[in-house]
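Below is one structure, written out as structure tokens; the observations come after it.
Protein chains: 2
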Amino acid sequence: MINKQMFEYGSKSSVIRELFSYGLERKKIVGADKVYDFSIGNPSIPAPAMVKQVILELLEEPAEVLHGYSPAAGDPKVREALADSVNRKFGTRYRADNFYMTAGAAASLAISIQALTVPGDEFIVFAPFFPEYAVWVETAGAKLLVTPADTEHFQIHLEAFENLLTPRTKGVIINSPNNPSGVVYSEETIMKLSEILERKQKEYGTSIYLLADEPYREIVYDGLKVPFIPNYYKNTLVCYSYSKALSMPGERIGYVIVPDEGENAQEVMAAIAGAGRALGYVCAPVLFQRVAARCADVPSDISAYKRNRDLLYGGLTEFGYECVRPQGAFYLFVRSPEPDAKAFSERAKQHDVLVVPSDSFGCTGYVRVSYCVSEKMIRDALPVFADIMKEY
Amino acid sequence: MINKQMFEYGSKSSVIRELFSYGLERKKIVGADKVYDFSIGNPSIPAPAMVKQVILELLEEPAEVLHGYSPAAGDPKVREALADSVNRKFGTRYRADNFYMTAGAAASLAISIQALTVPGDEFIVFAPFFPEYAVWVETAGAKLLVTPADTEHFQIHLEAFENLLTPRTKGVIINSPNNPSGVVYSEETIMKLSEILERKQKEYGTSIYLLADEPYREIVYDGLKVPFIPNYYKNTLVCYSYSKALSMPGERIGYVIVPDEGENAQEVMAAIAGAGRALGYVCAPVLFQRVAARCADVPSDISAYKRNRDLLYGGLTEFGYECVRPQGAFYLFVRSPEPDAKAFSERAKQHDVLVVPSDSFGCTGYVRVSYCVSEKMIRDALPVFADIMKEY
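Protein chains in written order, with this note's numbering: chain A, 701 to 1092; chain B, 701 to 1092.
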């Protein structure tokens, strides 16, 4: 008898993975350019040239040092460089000691949740949300509560959220720019959210940690500024990843920031180090720790994503699809023309258009359309989207 | 209130880390060449030149493919290449599907233990053992039982082991070549161990998994062959790492092999994939997956370690220290000249010689002396070891 929950996690693939696998098979039959796969969020623009340049430079160093262990929290010089970079961007005053390097945002979240959780704890998320949150919260032994979506603006349904808060609330997970909606939570939303949390912390005499999952922080359009959450709410842990900003998701590199201003910051950082150890992370991959440090200020080339967004958003809304205009990340969250998003996704599939029904994001009646794809595929797919709409 | 166990894991540093940190501080005071730090197991020989060569070649590929996600289990071509390599070495018939790529042996073990464990389960280890096993077993919710050391040959105390087996035994962790003893378990030991496990599985009607932790598999001397455990016992999971064989511990790359011959092999592999997901591993670092695949057959250059072993073992035994002759890894397990190994370690520290007392390895009265250090440091330290012995 093995662990059933782990077996379930491993054997039931996600809807996204299933669609992606279907797409690969289907391409073999009808040809790669005849399948319009909008299912996954794999960056399609290459890593900045600086990434290669830095690797080439680092390879000149003695190999036993270059590829050797770093301290568990990460190379101190890397953490110092990242603190400096974040300070310049957001006016903060972090030191190396506020940073714990991780193998990407998934690790940042799994570790942070594990570090915080005691039996009976609850974590709250905002629909629509990245479905893996449920896995990490359950694995740590906590319970996940879902705030229903604000389907008008895809900001936060604050009243519904407030009703979910209890003395058992250990954490709240926030993801902006949002996967799957593409929306950036406004400063007003963040301020109201912070006010509620501050008030409830006082009322309950507890600490409620806001886990800011920020892999898309740099992927924003129209000159928008993403509010930096710790500047609004003290008990924030920033869970960051270079997967999207530097287009290197396979290299697994990111960090957690534990600001000094948070409650029990030192204890929380120790527990994060402990959770990293307990979950089998020895240190974050060292070569890419240093690549991240050297490339932290390289601007992400999001021009291709922006072109894709404009093209796809413009086309789909012209055909009668309804969709909130995304300001960040690389997803459109399109209202399904029929109430059952799975049925719509299935119909699109008959046209070789692959889009993810929203049910697994905790919100029914939508599909997620990833536009981190080639512009050509979008151009080719648009008439097909138009044909599908005609069937309604 | 945060998770106390995680706080403990993060705030109580290991004896090894404490000694290492002490050494760094002490070097600042008395000079780097006056502190003889034998505390940690960080490979001192550089990665083979092939590692750099392969990275340079891979960097010519399109960056969005090179640094992109791999499937959760790892790049299929990487797994195929590793299966071929293992098959050539050990006469096995593995396929890519038997391999799950991980972020090193620590991740391999944490994931495997999490995948197998149900409440009430027990894991058995053999003293002396790598102390992190306790952390991973406890974190998965299982109990760790320690088989006392066979202090004569540092093989396995089989009778004591047999007495610890119960229907609750889910797994046994074996580490050969051994950290900290440097001993390689003989074919005879492995055969007897397998016989006991087979017999107990039948008696209890359970499956008992043997987790073979093999980061030192290629670090062996005197032409010795390390028995490949799955060839002796079917329910083996191989937990491997390239940290030591390719001298790149910071890059975090390894794998788990789940052989088809084991009980419920497919379910176990699914649970491993699920545990990888649950603990926040998305995929193993992709660049180094491919480096590992291309360098899997590059022989480890262990000549420096062998010279160190001969020099240190020869010197210490000449001065009257007692020590089993190590056949693998890069540790000597030296009997403390006084019963209290901590007191001996403390005395050595007064001479600026840093060696790790064996208590945390589940075995009292010894110190671990890592010889993955420069030959010069060993030569300089030998007279000091002689002086210390004279005090007894």
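The C-beta atom is built at its ideal place from N, Cα and C for all residues, glycine as well.
These numbers come from a predicted model, not from an experiment.
Asked, Found
"Compute the beta-carbon to beta-carbon distance between GLU903/B and ARG1007/B, rounded to the nearest angstrom, for a pair I have assumed lies under 8 angstroms.", "Not a contact, Cβ separation roughly 48 angstroms."
"Hey, could you find the ends of the beta strand (DSSP E) ASP997/A is sitting in?", "ASP997/A -> no beta strand (DSSP E), and no H or E assigned at all."
"Please specify which runs of the beta strand (DSSP E), each continuous and at least 3 residues long, are wholly inside the segment 948 to 997 of chain A, giving them in chain order.", "954 to 957"
"Which residues share a DSSP beta bridge with ILE873/B?", "VAL825/B and LEU911/B"
"Which two residues bound the contiguous alpha helix (DSSP H) that contains LYS752/B?", "749 to 758"
"To the nearest angstrom, report how far apart TYR885/B and ILE953/A are at their CA atoms.", "37 angstroms"
"Tell me the DSSP bridge mates of ASP737/A?", "LEU1054/A"
"In angstroms, rounded to a whole number, what distance separates the CA positions of CYS995/B and MET750/B?", "7 angstroms"
"How close, in whole Å, do the beta carbons of LEU893/B and LEU858/B come, if the pair is a contact with beta carbons under 8 angstroms?", "7 angstroms"
"Shortest alpha-carbon distance to GLY980/A belongs to which of MET948/A, ASN875/A, THR802/A and PHE1033/A?", "THR802/A"
"Compare the C-alpha of VAL1056/A against each of MET969/A, ARG1079/A, TYR1031/A and VAL1073/A and name the closest.", "TYR1031/A"
"Please list the partners that CYS995/B has in chain A, where partner means a Cβ-to-Cβ separation under 7 angstroms.", "Result: empty, since nearest Cβ-Cβ is about 12 angstroms, beyond 7 angstroms."
"So which residues on chain A does ILE874/B lean against when the C-beta distance must stay under 8 angstroms?", "Simply none; closest approach about 18 angstroms."
"Below 9 angstroms on C-beta distance, what does GLN814/B contact in chain A?", "ASN703, MET706, THR839, LEU979 and GLY980"
"I want to know whether the segment 802 to 812 of chain A touches the segment 932 to 945 of chain A - three or more CB-CB distances under 8 angstroms.", "yes"
"In chain B, which residues lie less than 9 angstroms from HIS857/A when you measure between Cβ atoms?", "Ordered by position in chain B, no residue passes the 9 angstroms Cβ test against HIS857/A, which lies about 28 angstroms from the chain."
"If you measure beta-carbon to beta-carbon, which residues of the segment 817 to 831 of chain A are closer than 7 angstroms to chain B?", "THR817 and VAL818"
"Could you list which residues in chain A have their beta carbon closer than 9 angstroms to that of MET801/B, in chain order?", "Those do not exist, as MET801/B stays about 11 angstroms from chain A at its closest Cβ, beyond 9 angstroms."
"Could you list which residues in chain A have their beta carbon closer than 7 angstroms to that of ASN787/B, in chain order?", "Simply none; closest approach about 25 angstroms."
"Of the residues ARG1079/A, VAL1053/A, VAL835/A and PRO949/A, which one's Cα is nearest the Cα of HIS767/B?", "PRO949/A"
"Can you confirm whether ALA806/B, when its beta carbon is compared against all beta carbons of chain A, has any partner nearer than 8 angstroms?", "yes"
"Applying a beta-carbon distance threshold of less than 9 angstroms, which residues of chain B neighbour MET750/A?", "Going along chain B, no residue has its Cβ under 9 angstroms from MET750/A, so there is no contact; the nearest lies around 11 angstroms."
"I want to see whether chain B comes within less than 8 angstroms of GLU764/A, judged by CB atoms only; does it?", "yes"
"Strictly below 7 angstroms CB to CB, what residues from chain A border SER744/B?", "GLU764"
"With burial defined as no fewer than 16 other Cβ atoms inside 10 Å of the residue's Cβ, what is the status of SER943/B: buried or exposed?", "buried"
"Show which residues of chain A have a CB atom less than 7 angstroms away from the CB atom of ALA970/B.", "PHE707, GLY710 and SER711"
"Check whether the segment 826 to 835 of chain A and the segment 705 to 715 of chain B are in contact - that is, three or more C-beta pairs closer than 8 angstroms.", "no"
"Less than 8 angstroms between CB atoms is the rule here; does ARG795/B satisfy it with respect to chain A?", "no"
"Could you name the residues of chain A that ALA747/B contacts, counting a contact when the two beta carbons are closer than 9 angstroms?", "ALA763, GLU764, LEU766 and HIS767"
"Just by C-beta distance, which residues in the segment 937 to 961 of chain B are closer than 9 angstroms to chain A?", "SER943, LEU946, SER947, MET948, PRO949, GLY950, GLU951, ARG952 and ILE953"
"Quick check on MET1077/A: does DSSP put it in helix, strand or coil?", "helix"
"Would you call the segment 791 to 801 of chain B in contact with the segment 968 to 988 of chain B, where contact means no fewer than 3 C-beta pairs closer than 8 angstroms?", "yes"
"Once DSSP output is grouped into helix, strand and coil, what is the label at GLY710/A?", "helix"
"So, helix, strand or coil for GLY1028/B, using DSSP?", "strand"
"Quick check for students: name the residue ranges of the beta strand (DSSP E) that lie wholly in the segment 788 to 839 of chain A, counting only runs of 3 or more.", "799 to 802 and 822 to 826"
"DSSP on LEU844/B, reduced to helix/strand/coil?", "strand"
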